[in-house]
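There are 2 protein chains.
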Amino acid sequence: MELEQILPKDIERRSFEIITKELGDRVLDPVNASVIKRVIHTTADFDYVQNLVFSREAVPLALKALREGTPIVTDTNMGMAGINKRALKKWGSEVYCFMSDEDVARAALEKGTTRAWAGVDKAAGLKEDCIFAIGNAPTALVRLYELVKEGRIKPRLIIAVPVGFVNVEAAKELILSLDVPYIVARGRKGGSNVAAAICNALLYQLPFPG
Amino acid sequence: MELEQILPKDIERRSFEIITKELGDRVLDPVNASVIKRVIHTTADFDYVQNLVFSREAVPLALKALREGTPIVTDTNMGMAGINKRALKKWGSEVYCFMSDEDVARAALEKGTTRAWAGVDKAAGLKEDCIFAIGNAPTALVRLYELVKEGRIKPRLIIAVPVGFVNVEAAKELILSLDVPYIVARGRKGGSNVAAAICNALLYQLPFPG
Chain D
317 MELEQILPKD IERRSFEIIT KELGDRVLDP VNASVIKRVI HTTADFDYVQ NLVFSREAVP
377 LALKALREGT PIVTDTNMGM AGINKRALKK WGSEVYCFMS DEDVARAALE KGTTRAWAGV
437 DKAAGLKEDC IFAIGNAPTA LVRLYELVKE GRIKPRLIIA VPVGFVNVEA AKELILSLDV
497 PYIVARGRKG GSNVAAAICN ALLYQLPFPG
Chain A
317 MELEQILPKD IERRSFEIIT KELGDRVLDP VNASVIKRVI HTTADFDYVQ NLVFSREAVP
377 LALKALREGT PIVTDTNMGM AGINKRALKK WGSEVYCFMS DEDVARAALE KGTTRAWAGV
437 DKAAGLKEDC IFAIGNAPTA LVRLYELVKE GRIKPRLIIA VPVGFVNVEA AKELILSLDV
497 PYIVARGRKG GSNVAAAICN ALLYQLPFPG
């Protein structure tokens, strides 16, 4: 196997060409294609062609939310590190992760729950509706489900892509039952990297504002 | 599909039970098993049973390096965010990512290469031999290969797990040809999350020093 001579700036374009070629006859919904392809680019895993489920108009609604400067709340520092903050800042937005916050740790301890659960509660107190990018904690999805059902929050988008073996699939199914915009990675697979990739795939569809 | 009632502290243990059960008859080398299982825990992808290749004694040599406070150099801020820095600090060590450093950006621009490549050069200038945890950039692996071949560095461990479609597999094969301790995810799969998971799987095998 030989190394291909390629300029750094051309690697991403070439990668997407390979992905498109290997998708072959599998037809992607053109509205969702760039999200699906970027997740494959991040994972080298074509299972996401089947796994990713989009609510109706999820992508255009998410793009509208991002243009309006909607903040992103994520459940891991890894996810936060992976989201393109420069692109986000151009739209007057930013990304929050409350997992290391002292008040969140205290609330989780008091209530015998996870910090991810308590972090969603904290996000519910923000003055704006948010985009949630959940790549790790099914408990964050459960709490989002409860707060939406109680009418206490109206997420602009829920990216529900935790990875794992315990309660991950069931928690994602809860989100699939909601009447909010969502992008869900059905099944066990996902991760903070997938959550960040979806955020970036959305951001890269917006014109880079001057 | 129902949510299982489980305490937050028990989720990880339960996840590893499920992984062990689903591995079934597949026998893992006991020395490498906890690394392999943690990567599966991070990805929900059992392909890593086949993909992960360990040089002889890689795990015990890595544990020795970590006990001695060997620093970890990684090629992404996501990887850095995912590594358990509290565990690392207990052994007097830390993790570096040079990707955002101005001198690295300048060197990459001057040489027409990637910041990952230039970042490895910067790591080569550290006074200690390092553990390299490369989850993203095949160019970092190519540069590591060159510097090892030239006798300029002696990595204590190379974790070679970039994900992707261009030069990723070939760059990993270069590392497999080296006479240094390595853990390689053969093929296209991997990622910053996998790099961090391997570092953590190693750290969690050490006694938590008082």
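Protein chains in written order, with this note's numbering: chain D, 317 to 526; chain A, 317 to 526. Glycine residues also receive a C-beta, built at the ideal position from the N, C-alpha and C atoms.
Neighbour flag for residue i against chain A, beta carbons, 8 Å
{"i": "Leu319 (chain D)", "result": "yes"}
{"i": "Ser493 (chain D)", "result": "no"}
{"i": "Val458 (chain D)", "result": "yes"}
{"i": "Asp361 (chain D)", "result": "yes"}
{"i": "Ala486 (chain D)", "result": "yes"}
{"i": "Val479 (chain D)", "result": "yes"}
{"i": "Thr430 (chain D)", "result": "yes"}
Cut-off 6 Å between Cβ atoms - residues of its own chain near residue i, not counting five sequence neighbours on either side
{"i": "Leu492 (chain A)", "result": "Val500"}
{"i": "Thr455 (chain A)", "result": "Thr430, Ala432 and Trp433"}
{"i": "Phe370 (chain A)", "result": "Asn348 and Ile499"}
{"i": "Asp437 (chain A)", "result": "none"}
CB contact below 8 Å: residue i versus chain D
{"i": "Met415 (chain A)", "result": "no"}
{"i": "Ser508 (chain A)", "result": "yes"}
{"i": "Gly340 (chain A)", "result": "no"}
{"i": "Ser331 (chain A)", "result": "yes"}
{"i": "Leu411 (chain A)", "result": "The amino acid occupying residue 411 (chain A) in the given sequence is Val; Leu does not appear at that position. Not an interface residue."}
{"i": "Thr358 (chain A)", "result": "yes"}
Below-8 Å beta-carbon distance, residue i vs any chain C residue
{"i": "Arg504 (chain D)", "result": "The structure shown has no chain C; the protein chains it does contain are D and A."}
Under 9 Å by beta carbon: chain A residues contacting residue i
{"i": "Val482 (chain D)", "result": "Glu320, Ile322, Asp326, Ile327, Glu328, Arg330, Ser331 and Ile334"}
Proximal residues to residue i (C-beta, below 8 Å), its chain only, five neighbours per side dropped
{"i": "Leu368 (chain A)", "result": "Asn348, Val351, Ile352, Val355, Ile499, Val500, Ala501 and Arg502"}
{"i": "His357 (chain A)", "result": "Glu328, Ser331, Phe332, Ile335 and Ala513"}
{"i": "Lys427 (chain A)", "result": "Trp433 and Ala434"}
{"i": "Gly408 (chain D)", "result": "Gly385"}
{"i": "Leu377 (chain D)", "result": "Arg472, Leu473 and Pro497"}
{"i": "Ile388 (chain A)", "result": "Ile399, Leu404, Ser409, Glu410, Val411, Tyr412, Cys446, Ile447, Phe448, Ala449 and Cys515"}
{"i": "Glu444 (chain A)", "result": "Thr386 and Pro387"}
{"i": "Leu457 (chain A)", "result": "Ile450, Ile474, Ala476, Pro478, Ala487, Lys488, Leu490 and Ile491"}
{"i": "Leu530 (chain D)", "result": "Missing from the structure shown is residue 530 (chain D); chain D here goes from 317 to 526 and no further."}
Per-residue contacts from residue i into chain A (C-beta, under 7 Å)
{"i": "Asn393 (chain D)", "result": "Ala397"}
Whole-angstrom C-beta distance between residue j and residue i, which should lie under 8 Å
{"i": "Ala536 (chain D)", "j": "Leu519 (chain D)", "result": "With chain D covering 317 to 526 only, the question about residue 536 (chain D) has no answer from this structure."}
{"i": "Ala511 (chain A)", "j": "Ala449 (chain A)", "result": "4 Å"}
{"i": "Gly506 (chain A)", "j": "Val479 (chain A)", "result": "4 Å"}
{"i": "Arg459 (chain A)", "j": "Val484 (chain A)", "result": "Actually they do not touch by this definition, with Cβ atoms about 15 Å apart."}
{"i": "Arg342 (chain A)", "j": "Val365 (chain A)", "result": "6 Å"}
{"i": "Thr392 (chain D)", "j": "Asn452 (chain D)", "result": "5 Å"}
{"i": "Arg468 (chain A)", "j": "Ala440 (chain A)", "result": "6 Å"}
{"i": "Val464 (chain D)", "j": "Leu494 (chain D)", "result": "5 Å"}
{"i": "Ser508 (chain D)", "j": "Met415 (chain D)", "result": "Between Met415 (chain D) and Ser508 (chain D) the Cβ distance is about 11 Å, and since that is not below 8 Å, they are no contact."}
{"i": "Asp361 (chain A)", "j": "Asp361 (chain D)", "result": "7 Å"}
Beta-carbon neighbours of residue i, restricted to chain A and to distances below 8 Å
{"i": "Thr390 (chain D)", "result": "The contacting residues do not exist; Thr390 (chain D) stays about 11 Å from chain A at best."}
Proximal residues of chain D, C-beta to C-beta of residue i below 8 Å
{"i": "Glu489 (chain A)", "result": "Met317"}
Contacts around residue i, its chain only, beta-carbon distance under 7 Å, and the 5 residues preceding and following it disregarded
{"i": "Asp363 (chain A)", "result": "Lys505"}
{"i": "Ala517 (chain D)", "result": "Ser350, Val351 and Arg354"}
{"i": "Ala421 (chain A)", "result": "Arg431"}
{"i": "Arg383 (chain A)", "result": "Trp407 and Leu522"}
{"i": "Ala381 (chain D)", "result": "Ile447, Arg472 and Leu473"}
Would you list, in sequence order, the uninterrupted alpha helix (DSSP H) runs of no fewer than 4 residues that lie entirely inside the region 356-410 of chain A? 364-367, 374-383, 393-398 and 401-406
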